[in-house]
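S.K.: Structure in structure tokens, see below.
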Amino acid sequence: EIRISCTSPSTWTFPDFGGQIKGKNLWFHFFDSTDDFADTAVDLVFEGQRMYIHGGEGHFGNVPLTLTGDLDLNPIGGEYRLSAQVSPVEVHKLRETLGVRPIPRPVAGSVKGFLYCSGPLEQPVFTGRAETTVPADEDLNIAKPGTEMAWSEDA
Numbered sequence: 001e002i003r004i005s006c007t008s009p010s011t012w013t014f015p016d017f018g019g020q021i022k023g024k025n026l027w028f029h030f031f032d033s034t035d036d037f038a039d040t041a042v043d044l045v046f047e048g049q050r051m052y053i054h055g056g057e058g059h060f061g062n063v064p065l066t067l068t069g070d071l072d073l074n075p076i077g078g079e080y081r082l083s084a085q086v087s088p089v090e091v092h093k094l095r096e097t098l099g100v101r102p103i104p105r106p107v108a109g110s111v112k113g114f115l116y117c118s119g120p121l122e123q124p125v126f127t128g129r130a131e132t133t134v135p136a137d138e139d140l141n142i143a144k145p146g147t148e149m150a151w152s153e154d155a
């Protein structure tokens, strides 16, 4: 349930919000995004002109992530304060999800990390940290000759 109120001069230009929404098995796409958000579960709490995200879990393309934080609802002067923990994801699946061209050198393995989004709603600033993880057994299997995975075994 969401409540919208315009009860004072300050809320006549942009209303105050109140309430909570719980979502499960959500799928959505931002118009300029490289991939979809799928299998998402999240609790959204609305207080005044802010939205708080609690326990957000899901996938951005092939990338599993957990998201918490808050953001302003009013685009005028609004800001992001979000942090996401990215669970291990295979390098080529990450590359495909982000829409990056194939890597010029053969690589294999997985990465995990943290991603932070801050700054104005119109110009967010992304920062983060990534690290390699211990390869999974399926990453170490010999791949079909001629594939990127096989090339990385020869490197």
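The sequence shown runs 1 to 155 under UniProt numbering.
The beta carbon of each residue, even a glycine, is placed where N, CA and C say it ideally should be.
#1: Checking 8 Å against the spacing of the C-beta atoms, do Y52 and D72 come in under that value?
#2: Residues in the same chain with beta-carbon distance under 8 Å from L121, minus the five sequence neighbours each way, listed in chain order, please.
#3: Flag this pair as touching only if the segment 57-67 and the segment 32-39 have three or more C-beta atom pairs under 8 Å; answer yes or no.
#4: Going by CA-CA distance only, name the one from V86, Q123, C117 that's closest to V111.
#5: Who are the near neighbours of P15 in its chain, counting only those whose CB is closer than 7 Å to its CB and skipping five residues on each side?
#6: Does S10 come out as helix, strand or coil in the three-state DSSP assignment?
#7: With DSSP as the reference, label T97 as helix, strand or coil.
#8: Could you check whether G56 and V45 sit closer than 8 Å to each other, using their CB atoms as the reference points?
#9: Looking at C-alpha atoms only, which residue of V89, R95, G23, S8 is the closest neighbour of T132?
#10: Using 8 Å as the threshold, is the C-beta distance between G128 and G109 below it?
M.R.: Once the coordinates are examined:
#1: no
#2: L71, D72, P75, G78, E79, Y80
#3: yes
#4: V86
#5: I4, S5, C6
#6: helix
#7: helix
#8: no
#9: V89
#10: no
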